[in-house]
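S.K.: Under the UniProt record's numbering, the first residue of the sequence shown is numbered 1, with each subsequent residue one higher.
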Amino acid sequence: MPACIVAISPWADLTLSGSSYNNNVRLDPTLIRESLAYYVIAYAAGHEDEAYVSPVLGDFTGFPPTLLFAGSDEILLSDAKTVYKRLKKADVESKLVVEEGMWHVYPLYGTPEGKKALEEMSLFIQTRLGLALPNSAEEASAPA
């Protein structure tokens, strides 16, 4: 297992059964439900209800610390929430960050919310890998 996991807008339920697939269909500017349904057919070929295809149906026991990000307006919000619940049930150290008004993979955009998420990811990974963290802005910008 890796030292940690960071998941940005995870697509973890290829049955498309989460509430956000309907509730957020008009809010998410980046994903279209019909396209996702097509991808399921192309990828899963009738096996979307198996844990190897839809991780929300699997066992999260023994997973490493996990940090999840999702936007409140994205179609895959329910997937992230379900993964988080499953991780907690398996006693896995985990955190779910849901940013209000944001869409699919919002941390990858240059918005203030995205930049904040990237900083949190960086700190999470560095901490889990035991890397030295800078104590000040001067130290962070000093040449190596």
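Even for Gly, the Cβ is constructed at its ideal location relative to N, Cα and C.
Which residues does DSSP pair with Thr-66 in a beta bridge?
M.R.: According to DSSP, which records beta bridges pairwise, Thr-66 is partnered with Ile-5, Ser-94.
S.K.: Whose C-beta lies closer than 7 Å to the C-beta of Leu-27 among residues of the same chain, with five residues either side of it excluded?
M.R.: Only Asp-73 meet the Cβ criterion.
S.K.: Rounded C-beta distance between Glu-99 and Tyr-106? I'm assuming under 8 Å.
M.R.: 6 Å
S.K.: Going along the chain, which residues of its own chain have a beta-carbon closer than 7 Å to the beta-carbon of Asp-79, five neighbours each way excluded?
M.R.: Pro-10, Trp-11, Ala-12, Asp-13, Gly-18, Val-56
S.K.: Give me, in chain order, the residues of the same chain whose beta-carbon lies closer than 8 Å to that of Cys-4; leave out the 5 immediate sequence neighbours on both sides.
M.R.: Pro-64, Pro-65, Thr-66, Leu-67, Phe-124, Ile-125, Arg-128, Leu-129
S.K.: Could you give the residue range of the alpha helix (DSSP H) that holds Tyr-39?
M.R.: Judged by DSSP secondary structure, Tyr-39 falls within the alpha helix (DSSP H) whose first and last residues are 33-44.
S.K.: Between the alpha carbons of Leu-76 and Leu-131, how many angstroms are there, rounded?
M.R.: 32 Å
S.K.: Would you kindly work out how many angstroms separate the C-alpha atoms of Ile-41 and Asn-22, rounded to a whole number?
M.R.: 19 Å
S.K.: What's the gap between the Cα of His-104 and the Cα of Thr-61?
M.R.: Roughly 27 Å between the two C-alpha positions.
S.K.: What's the C-alpha gap between Ile-32 and Met-102?
M.R.: Between the alpha carbons of Ile-32 and Met-102 lies a distance of about 16 Å.
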